[in-house]
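The numbering of the sequence shown is our numbering, which starts it at 12 and goes up by one. Just below is one structure, and these are the notes that go with it.
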Amino acid sequence: MAKRNDEIIRSLPLSHMIYRDNEIDREKAEKLVVYHYPLSKNYRWNEWQSRIDDELGSRYYPYLMKSHKEQFGLYVALDSEQDKPPIIKNGDGIIVEPTRIHYEAMLNPVWIRLIMRKVSAFGSHCKGSHTLGCPLLQTDVWKSKNSCGINAISLDCRTQQRSDKNITEVILFHKNVPLRPVDIKDELFNIHQPLWIYDKNNILARWKAEKTTKPKSQIYREVAKNKDKRKLRPFLDLSSSTSLKNSWPWILQPVQNEFIEQARKFGFGLSPIVLKLRPLPLKTKFKKADKAKFPSVQLDKEIKVLDLRFSKNVSPQYIVNNIQSLLNEKYPDARMSLLPDIEPDQIVNIEIDGSQCLLVLLDQTPGIIDDRYPLTQILRTKTACQHINVNPFDLTGDPITDNLLIEQSTPDGDTRLIPATDSRYYDYSISDFEKKVVQESLARNVEIVYKELALKHLLLCNETKISVTLPQQKDLLTNSLAVITNGCLFTVKQDRPIILPFHPAMPDAVSACDNILRSFDTSVTALLALLNEKWPYHYCPQDITQGIWNEAEKLTRFINRLTVIIHKTEEVTILLQDPQYGSPHMLPDKLNDLMTILDSQRQQIPLNQWLLPEMDELTFHIDQLTEEGELSDTNRNMLLSELELLCELWKCALKKYYSDNEFNVTYDILKKYVFSQWPEKKNVLMVGVSVKRASTSLIASWNKLLSRVFDLPLGDPRNWLKNVPGITRLWHDPEQNYVIVGSLSSPQPIIQRQPSIRQWHALQGELNYELLAGLVDVDWVRMNQLAGNPCVATLVRRWKECQIQPNEVPCV
12 MAKRNDEIIR SLPLSHMIYR DNEIDREKAE KLVVYHYPLS KNYRWNEWQS
62 RIDDELGSRY YPYLMKSHKE QFGLYVALDS EQDKPPIIKN GDGIIVEPTR
112 IHYEAMLNPV WIRLIMRKVS AFGSHCKGSH TLGCPLLQTD VWKSKNSCGI
162 NAISLDCRTQ QRSDKNITEV ILFHKNVPLR PVDIKDELFN IHQPLWIYDK
212 NNILARWKAE KTTKPKSQIY REVAKNKDKR KLRPFLDLSS STSLKNSWPW
262 ILQPVQNEFI EQARKFGFGL SPIVLKLRPL PLKTKFKKAD KAKFPSVQLD
312 KEIKVLDLRF SKNVSPQYIV NNIQSLLNEK YPDARMSLLP DIEPDQIVNI
362 EIDGSQCLLV LLDQTPGIID DRYPLTQILR TKTACQHINV NPFDLTGDPI
412 TDNLLIEQST PDGDTRLIPA TDSRYYDYSI SDFEKKVVQE SLARNVEIVY
462 KELALKHLLL CNETKISVTL PQQKDLLTNS LAVITNGCLF TVKQDRPIIL
512 PFHPAMPDAV SACDNILRSF DTSVTALLAL LNEKWPYHYC PQDITQGIWN
562 EAEKLTRFIN RLTVIIHKTE EVTILLQDPQ YGSPHMLPDK LNDLMTILDS
612 QRQQIPLNQW LLPEMDELTF HIDQLTEEGE LSDTNRNMLL SELELLCELW
662 KCALKKYYSD NEFNVTYDIL KKYVFSQWPE KKNVLMVGVS VKRASTSLIA
712 SWNKLLSRVF DLPLGDPRNW LKNVPGITRL WHDPEQNYVI VGSLSSPQPI
762 IQRQPSIRQW HALQGELNYE LLAGLVDVDW VRMNQLAGNP CVATLVRRWK
812 ECQIQPNEVP CV
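Laid out in C-alpha cells, this is it:
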C-alpha cells in the first residue's frame, strides 16, 4: 500500500553545516597554530588587502583579515609550531610584529574559517589563494575558435550562531572567478591584480609580475564577471558523466567532505545540515506546452496597443491580429485594439485613462542606439503598461552572434549596439513572422504580457477586485493576511490590494502601517521589538547590513531584506523568512551511483556481449525482480506479455549495427532502436487499437530486466532524480522549518535552476505550513512553475515599478 504524504520522509543534505560550541575539543583546537598581526587603520582596507595579497597570495598560508578584541588585524595559520610566521610590512616598509594567538571559545568563527582555508582538497587544483586568502578552485577549462579561458570559484565560509548560543551554522559560499589569457606584450606589467600560471606540475598557482622574471607559460588574469560571459553552470546536468562533473553538487560535495574532515582534526564536530522532508499537497498541476497557461489570471479588459517600432515594414494591424490570434488560442475572451500612431517625442503628452491596459510594440533589443524603450517609462506610472519586442530576429536568436548588430564602445566606457552594415535587423517582413519558431516564441511572450497586464491592472485600477483577477487566491489574499516584503506592507481591503512603504524612519509610513497592523494587535514598533526579541541568531538583526556605515541606508537595507507574514484566525501568527546570507546548495546522496549509471550507459560494449540469454532465464530474472519488489505485479505482467516482441527487436538492433560495421555500441543506442520500432510492430499485431509509443512503465521495466541480465546499471538517470526530494513538487521539514519548492514537471536531464530553499521562523504562534504552501502554490508567477517566494512579493515588485515615488504613502 502506498504511503500517505505525512508518512513519507526523505533525507536531503545541504551545503550548510553546523557545529556545537560546547562539544569542541579544546586540546585539538590548540593544534592550529595561529598568529595575529595588528594592522593600523591609518591605511585603507583596500591598501592592506592589496599589500597582504601581494605578500601572501603566492605562498600557501591560510589567512583572514578580521578584527580581534577591537583591534583590526590579520590572522595567519601555520602548519606547525616550528614554522616561522611570514613577514608583513606596512605601506611605509615597517615590519608588523605578529603575536601568537591561542584558542579560546570567542575565536571559534576565526578558527573555523582558517581551517576552511587550509583544506587540502584544493591543493590538487591550486596553490596560493584568491583575494583575502580564499582558496581558488578550478572548475573547468574551455577553448573555442577565437578564445580560451579558465572558470574557477573562490571558496569561503561564514558563521552565524543560533540564538541558543550553542549551535553555530557554517555557510559555505563561493564567487565565480573567470580567468582569461594575458597578452604579455600589451598588458603584463600594467596589471595590478592577481595573476595565475600553470607550474611544472600543471597546477594553477599565483604568479607575481616582476620585470626581472619572464613567465615560462601562459599567464591568466581575472576579468570582470559582466564581460567575456560564459554559459551559466546548471544545477544538475545528467546528459553525460562529464556534464555531471561540471554540476554544482559534484563540485561542492568533495569540498564539504574535506572541510568536515579537516575541522574534526582541529576539534570541531562539523556536520552537514540534513533535511527530513515530507511532501505537501499541491493544487497547481503541470500542463504540456500546448495547453500551458496562467489559468487563474483573468483580465476582463480590452488591451490598447501602441506601436513604437523603429521599422514600419510590417503593418501594426497585422502584428496586432497575429498576437491576438495567438492569445485567443488559450484566452478566447482576450481583446486588442490599435491606438492611433504617435511620434516618439510626443509620448509624454499622451492622454490615457488610468483604468486602461496598454501594450507597447517594440522591435529593439536593450542597449541599442536610439532605443525607444526608455521613452515609455512614464507610461507605466499612468496605467497598466507592458512592452513586447516583436522583432523576429530577437525572438529566435542572438542578433549579435548572427552579425545583425555589432557592439560599439562609448567614451564613458559603456557598450552600445548598432546595426551592422547592410543588416536586416530592421528589414523584417511578414514571411519572417510566419516561421514556426517565431510564432512559438511570440506566443510564449504574449501570454506573459497578458499575465503581467492583469497583475498591473489589479494594482492600478481601483475598480478591479482580487476575487476577479486572481480567483484561486481570493480566500487567502484577504484582510486576514498582511505581508512585509521588499520594503513594503501588503494587505487587502474590500477585495483590493493595499500596498504601503514599510519604513520605521518615515512618520507618515509608520502611521499608515500602524492603521493596518492594529487589526493584527501589533504595530511597527511592536514588530521591530518582536524581531529583536525572537531573532533566530545570536548576532543582532541589524548586523545583516554590516559594511554599511550610513544609519539611514543601513535601516533601509535591513527592512528590504525582511519577509514577514502576519495572519489571523482565532489567534495572530507572525512568521519570519530567514534573512539568508546565501541560499544553501542541495548536495544529494549517492552522486557516485548516478555517475556509475551515466558511465555504464555510455560505455561501448562489443555486440556479442549484448546477446540476450534464453527466454527461460529472462523469465527467471523477471520473477526475481518481482519478488524483490523491483517490479510490481502489473509491470511484471506487462513485461511478460511484451517480452517476445522486445527480444525480437533487440536481435534486429544487433543485426543492424553488425551490418553497419559498428561492432561496439552503447545500451542507449540499442534501446532507442528497439522502442522506435516497437509501436509499428505492435500495431501490426493488434486489431482495432493503435499505439504511438511505448509506455514509460514498459521502458523502465525493460531497463531493470537488462540491468540484471548484463549486471550493469542501465536505468534512466532521471529515475535517480525521482528519489531526490525537492526536485519536484513541494516539500517541508517540520522540525527544522524548511520549505523547498520544486518543479511541477517530471525531472529533465538538465536542471538549470536549483529548487527554491527557504527556512521560516515563528516569531508568534506556530508555523502554518498550509498558509506557506498556499502562498507559493500559485500558477501566475512563472509559467508551469510554483512561486519560489510568497506570491505577494511579485505583486509588491510590480507595484513599486509602477510608482513615481515608491516611498510616498498613498491614501487608503
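Glycine included, C-beta positions come from ideal geometry on N, C-alpha and C. Here the structure is a predicted model, which is why all the values come from computation and not from measurement.
Is the distance from the Cβ of K190 to the Cβ of W207 below 8 angstroms? The sequence shown places Leu at residue 190, not Lys. In contact: L190 and W207 (Cβ atoms closer than 8 angstroms).
So, under 8 angstroms CB-CB, L598 and S22 are touching, yes? Tell me the CB distance rounded to an integer number of Å. Actually they do not touch by this definition, with Cβ atoms about 11 angstroms apart.
Helix, strand or coil for E639, going by three-state DSSP, please let me know. coil
With a threshold of 7 angstroms on Cβ separation, who are the neighbours of P355 within its own chain once the five nearest residues in sequence on each side are excluded? L319, R383 and L386
C-alpha gap between L464 and I509, whole angstroms: 18 angstroms
Give me the Cα-Cα distance between Q612 and V676, rounded to the nearest whole angstrom. 10 angstroms
Do the CB positions of G378 and L428 come within less than 8 angstroms of each other? yes
My parser needs the beta strand (DSSP E) runs of 3 or more residues fully inside the stretch 373-415; what are they? 395-400
On the three-pair Cβ rule with 8 angstroms, is the stretch 29-40 touching the stretch 278-286? yes
Just how far apart, CA to CA, sit I106 and E115? 27 angstroms
Taking the Cβ atom as the reference point for each residue, do M347 and V371 lie within a distance shorter than 8 angstroms? no
What is the DSSP secondary structure of C658, reduced to helix, strand or coil? helix
Could you name the residues of the same chain whose beta carbon sits closer than 7 angstroms to that of S254, not counting the 5 residues immediately before and after it, in chain order? D248
Just to confirm the assignment, what range does the alpha helix (DSSP H) spanning V803 have? V803 to E812
Using a Cβ-Cβ cutoff of less than 7 angstroms, which residues in the same chain neighbour K294 once the five nearest sequence positions on both sides are dropped? D788
Entirely enclosed alpha helix (DSSP H) segments - the stretch 561-593, minimum 4 residues: 562-572
Cβ neighbour criterion (16 or more within 10 Å) applied to W771: buried
Tell me the rounded alpha-carbon separation between M127 and T142. 15 angstroms
For P624, which residues of its own chain have a beta-carbon under 7 angstroms away from its beta-carbon, when the five flanking residues on both sides are left out? V720
Do the stretch 578-586 and the stretch 775-788 make contact, defined as three or more Cβ pairs closer than 8 angstroms? yes
Segment limits, beta strand (DSSP E) that includes I363: Run containing I363: none; DSSP gives neither H nor E here.
Between which two residues does the alpha helix (DSSP H) holding D175 run? From DSSP, D175 is part of no alpha helix (DSSP H); its letter is neither H nor E.
Among the residues of its own chain, which have a CB less than 8 angstroms from the CB of I846, if the five just before and after it don't count? For residue 846 there is no data in the structure shown, the boundaries of the chain being 12 and 823.
Given this structure, state the Cα-to-Cα distance separating C663 from F674, to the nearest angstrom. 14 angstroms
Label G785 either buried or exposed according to how many other C-beta atoms from any shown protein chain fall within 10 Å of its C-beta, with 16 as the threshold for buried. buried
Residue interval of the beta strand (DSSP E) (run including V457): Per DSSP, V457 belongs to no beta strand (DSSP E); it is in the alpha helix (DSSP H), K447 to L471.
Could you check the C-alpha separation between Q826 and I761 for me, to the nearest Å? Outside the displayed range of the chain (12 to 823) lies residue 826, so it cannot be described from this structure.
Residues that T295 bridges to, as DSSP identifies them: None; T295 has no bridge partner.
Using 8 angstroms as the Cβ pair cut-off and three pairs as the minimum, do the stretch 614-629 and the stretch 687-696 touch? no
Of the residues L50, D64, F246 and L67, which one's Cα is nearest the Cα of E81? L50
State the start and end residues of the unbroken beta strand (DSSP E) segment that holds R729. That residue, R729, is in no beta strand (DSSP E); its alpha helix (DSSP H) goes P728 to K733.
When the Cβ atoms of the stretch 465-472 are set against those of the stretch 387-399, are three or more pairs found closer than 8 angstroms? yes
Under 6 angstroms Cβ to Cβ from W742, same chain only, skipping five residues before and after it: list those, please. L288, P290, P736 and I751
Short of 8 angstroms in beta carbon distance, which residues of its chain neighbour N779, apart from the five on each side in sequence? Order them along the chain. H578, T584 and L586
In angstroms with no decimal places, state the Cα-to-Cα distance between D644 and D727. 21 angstroms
Coil, strand or helix - M12 by DSSP: Note that M12 has pLDDT 35, beneath the 50 cutoff, so the model's placement of it is unreliable and the number below is only indicative. Coil at M12, not helix or strand.
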